[in-house]
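For the sequence shown, counting from 1, position 44 maps to 69 in the numbering used here; every step adds exactly one.
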Amino acid sequence: MNIEAKLGLNVFKIDDQTHIVIDHEVCQRACRLRSCLTVCPAHLYTLDPQGRIQADFEGCLECGTCLIACREGALKWIYPRAGHGVQYRFG
Ligand code: SF4
Ligand code: SF4
C-alpha cells in the first residue's frame, strides 16, 4: 500500500470553523517565497483569483509544517477543537 492509499484511509471530523487564520496583510507586505504553497503535504494552500493565500482547513493533517515554514508569522494555527480534525487510520 503506498502513502496516498494510506492517507486516503484517514477520516476527518470537520469543524464549522477554521483552525488556520491567515494575516493577509503580512503575506502581501513581507513574503516573497510563499512557502506555504509548497510545504503542505495535503496541498491545502492555494491562491485565490486576487492572488491572496487561502487555506482549506478541512483536509488538514495537523502536521504543523506550514506554521514552521511561515517565517513571516502570518499564520495563526491551533489544533482543531476537541472531537474535530483528522483521525489517522494507518499510523
Ligand atoms: S508563507 Fe506565510 S507569509 Fe508567506 S504567503 Fe504563506 S502564509 Fe503568507
Ligand atoms: S498543518 Fe500540515 S496539513 Fe495542515 S495546513 Fe499545515 S502543512 Fe498542511
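Ideal placement from N, C-alpha and C gives every residue a C-beta, glycine not left out.
Beta-carbon proximity of residue i to residue j, cut-off 8 Å
{"i": "Cys85", "j": "Val46", "result": "no"}
{"i": "Cys91", "j": "Cys61", "result": "yes"}
{"i": "Asp41", "j": "Pro105", "result": "no"}
{"i": "Arg114", "j": "Val64", "result": "no"}
Residue i versus the options, residue with shortest Cα-Cα distance
{"i": "Leu72", "options": "Arg106, Phe115, Cys52", "result": "Cys52"}
{"i": "Gln75", "options": "Arg114, His49, Tyr104, Asp81", "result": "His49"}
{"i": "Arg57", "options": "Met26, Lys38, Asp40, Ile78", "result": "Ile78"}
Backbone secondary structure at residue i - three-state DSSP
{"i": "Ala55", "result": "helix"}
{"i": "Gly33", "result": "coil"}
{"i": "Leu72", "result": "strand"}
{"i": "Gly98", "result": "coil"}
{"i": "Ile28", "result": "helix"}
{"i": "Ile93", "result": "helix"}
Residue i burial status per 10 Å Cβ neighbour count (16 or more: buried)
{"i": "Ala30", "result": "exposed"}
{"i": "Leu34", "result": "exposed"}
{"i": "Pro66", "result": "exposed"}
{"i": "Tyr70", "result": "buried"}
{"i": "Ala55", "result": "exposed"}
Near ligand 4: residue i beta-carbon under 7 Å from a heavy atom
{"i": "Ala55", "result": "Among the ligands present in this structure, namely ligand 1 and ligand 2, ligand 4 is not found."}
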